[in-house]
Amino acid sequence: MNYHNPVLLSESIAQLGINPSGVYIDATFGGGGHSREILKHLQNGHLYGFDQDDDARQNIPESANFTFVHHNFRYIRHFMRYYGVEQVDGILADLGVSSHHFDTPERGFSFRFNAPLDMRMDAETKLTAAEILNSYEESDLRRIFKEYGEIDNAYKLAQTIVRERGIAAIETTEELKKIGQRLCNPKIETKYVSQIFQALRIEVNNEMGVLRDFLQAGLETLKPGGRFVIITYHSLEDRMVKNFFKTGNLEGSVKKDFYGNVSTPFELVSRKAIVPTDEEIEENNRARSAKLRVAEKK
Ligand SMILES: C[S@@+](CC[C@H](N)C(=O)[O-])C[C@H]1O[C@@H](n2cnc3c(N)ncnc32)[C@H](O)[C@@H]1O
């Protein structure tokens, strides 16, 4: 089974503007599709590929110019210092999970298979989707489904989950799928259940929290002139990246200097997000929600 098809491959690599002797970070190594492309452009440069999932090791390229780092990308600053690198020429991140996660039944990311509700990208962390479903307050479940799943009847869903878990703990993908199917119009069943699974996955892996840390760490790790290239798949992530690139802070509040000039740490390379072509979406359905944003550190 193919581990993952890289999304916006040529566009993202072009935006990195690779210097053959530069140092780069692929924060989300995965199947290594983006990394292999970066390596083609390097001569005596180096690429550090981060992935918190140990399964990604199977894709490590045989190259003296590559180092795999099995850690969360929120710690890139710390790990680059560990490798003796103070600043890098470019950072690429292609957020979220890989096809490998959805295609591996026992990881519990997909409702195509019946499996325990796990959804951890990093097997060394503790919180699973089952634990969230069976222990979170109803109000927290509602917030997760509304914010991360963009689910209209999040109130009813959270209420039903709390009622069901009072009868028996919700442990499997099949059990959760059945609850979802009861609460939506059959015409939108797949979309609705996908949204429930997406919301839980984002919470299990604290995807919004780690993105915040990563943006700040990335800014500190880039050289002046270095490029920050990020592909997102969720509107909340995209908004966070857009605000950060525009203002250098997560609130998106514009700061002005004494003379009233806007002061930001980045130059926006393109004002609008770059999106996949119709051909790419046709070939790879996962690309449909992708948005690529690029900023250059001043
Ligand atoms: C969309 S895939 C990247 C695919 C890759 N660009 C390719 O071409 O194969 C995202 C990968 O990043 C990893 N990942 C997600 N969040 C991470 C984080 N906070 N720290 C480290 N790795 C992360 C996932 O385990 C997954 O393998």
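In this note's numbering, the protein residues as written are -12 to 285.
For glycine and all other residues, C-beta sits at the position ideal for the given N, C-alpha and C.
Note that the structure is a prediction, hence the values are computed from the model and not measured.
Secondary structure of residue i, DSSP reduced to three states
| i | result |
| --- | --- |
| A274 | helix |
| K242 | coil |
| F53 | strand |
| D76 | strand |
| D90 | helix |
| V(-6) | coil |
| Y69 | helix |
| I12 | strand |
| K143 | helix |
| A1 | helix |
| L104 | coil |
| L237 | coil |
First through last residue of the alpha helix (DSSP H) which encompasses residue i
| i | result |
| --- | --- |
| E224 | S222 to T234 |
| V191 | E176 to V191 |
| N21 | Residue identity check: residue 21 is His in the sequence provided, not Asn. Note, H21: alpha helix (DSSP H), G20 to H28. |
| Y123 | Note, Y123: premise wrong, no alpha helix (DSSP H); not H, not E. |
| E161 | T160 to R169 |
Opposing strand residues paired with residue i [DSSP bridges]
| i | result |
| --- | --- |
| V262 | Partner(s): none; V262 has no beta bridge. |
| E137 | Paired residues: none, contrary to the question. |
| L279 | I218 and I261 |
| D81 | I218 |
| K113 | DSSP, once it has assigned bridges, lists no residue as partnering K113. |
| V249 | K243 |
| K285 | None; K285 has no bridge partner. |
Extent of the continuous beta strand (DSSP E) run through residue i
| i | result |
| --- | --- |
| G36 | H33 to F37 |
| F100 | Note, F100: premise wrong, no beta strand (DSSP E); not H, not E. |
| R253 | A small fix is needed here, since residue 253 is Phe in this sequence, not Arg. F253 -> beta strand (DSSP E) spans F253 to L255. |
| L209 | L209 to T219 |
Inter-residue Cα distance where the pair is residue i and residue j
| i | j | result |
| --- | --- | --- |
| G239 | E134 | 19 Å |
| L104 | K243 | 48 Å |
| R44 | R94 | 17 Å |
| K229 | I154 | 44 Å |
| N272 | T264 | 11 Å |
| L26 | N(-8) | 17 Å |
| N101 | R150 | 22 Å |
| R275 | I268 | 5 Å |
| Y62 | N172 | 42 Å |
| G247 | S257 | 24 Å |
| L128 | A145 | 6 Å |
| E270 | N236 | 36 Å |
| H57 | A204 | 17 Å |
| F245 | H87 | 51 Å |
Proximity test, residue i beta-carbon vs ligand 3 heavy atom, cut-off 7 Å
| i | result |
| --- | --- |
| Q182 | In terms of ligand content, the structure shown lacks ligand 3 and carries ligand 1 instead. |
is_contact[residue i, chain D] using C-beta, thresh 8 Å
| i | result |
| --- | --- |
| K210 | Chain labels in this structure do not include chain D; a single protein chain is all it has. |
Counting pairs of beta carbons, one from the region 155 to 167 and one from the region 78 to 87, are three or more of them closer than 8 Å?
no
Would you check if there are 3 or more beta carbon pairs closer than 8 Å linking the region 264 to 281 to the region 217 to 234?
yes
State whether the region 50 to 58 contacts the region 191 to 198, with contact taken as three or more CB pairs (one from each stretch) at a distance under 8 Å.
no
Between the region 29 to 37 and the region 176 to 195, can you find at least three pairs of beta-carbon atoms closer than 8 Å?
no
Three or more C-beta pairs under 8 Å: does that hold for the region 135 to 145 against the region 70 to 77?
no
At least 3 beta-carbon pairs within less than 8 Å: the region -5 to 7 vs the region 16 to 25
yes
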